[in-house]
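For the record, in the sequence shown the residue sitting at position 33 is 33 according to the UniProt record's numbering, with numbers rising by one throughout.
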Amino acid sequence: MQVNNIKKPKHLKRKRRVGRGGKRGTYSGKGLKGQKSRAGHRIRPQILDYIFKIPKLSGPTAKLENTSIPAAKTQGRAKNIISGILNVGDLNEVVKDGDVININYLLQKGLVRKYKGIKPLIKLLGNGELTKKITVEKLEVSKGAQDKIKKAGGKVE
C-alpha cells in the first residue's frame, strides 16, 4: 500500500457540479460567472430601445385607419364613411327616363367601381342639371340633389 493509492472517505468527497454535459470541460464552454453563464440567459436586443421610442398612431388618425374600407371586410363597415361622390349632372348623361338608381345600377353602368370586392358608399350631390325622371334607392342624397331630382319629376326613397 502506498500513499497515492489511499482514497478519501466517501463522506468527505464533494461532487463538482458545474456546466453539466457537452464533453467540453468543467464549465461546458460557458466560462466563469456572469449573465451569459447562467441558465436561461437572454440579453435583450438593443434595437428594442429604439423601436419603443417610435410614436404609435393615436388620436384622430388612428380612428380613421380603423374605419377604412379595406378593414370593413373583417370588422364590419362604419356607417358614416362616404367613399365616393357622384353628381346629378353625371347621371343625366347615362340614365333614361324611369330608371331606378341604386348601387348595382351604378356599378353596371360603370360610374363607380368596387374597391377590394366591396361595394362603395356613394353620395349624390347636386352639381349639374337633371332633365330625366329617375328614382333613387338606397343612396345618400344631398339636399340640392334631392331638389333637382324632385324638380325633374323623380323621387328619392
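The beta-carbon is built from N, C-alpha and C at its ideal position, and this holds for glycine as well.
DSSP places GLU93 within a helical segment (H, G or I) once states are collapsed to three.
Two segments are said to touch when three or more pairs of C-beta atoms, one from each, lie closer than 8 Å; by this definition the stretch 126-140 touches the stretch 94-107. At a Cβ-Cβ threshold of 9 Å, LEU139 and ASN92 do not count as neighbours. The beta carbon of LYS109 lies closer than 7 Å to those of VAL94 in the same chain, with the five residues before and after it left out. Look at LYS155 here: in three-state DSSP terms it is strand. For LEU86, DSSP records a beta bridge to LEU124. Residue range 47-53 is occupied by the alpha helix (DSSP H) that includes ASP49. Rounded to the nearest angstrom, the Cβ distance from LEU111 to LEU86 is 6 Å, consistent with a contact under 8 Å.
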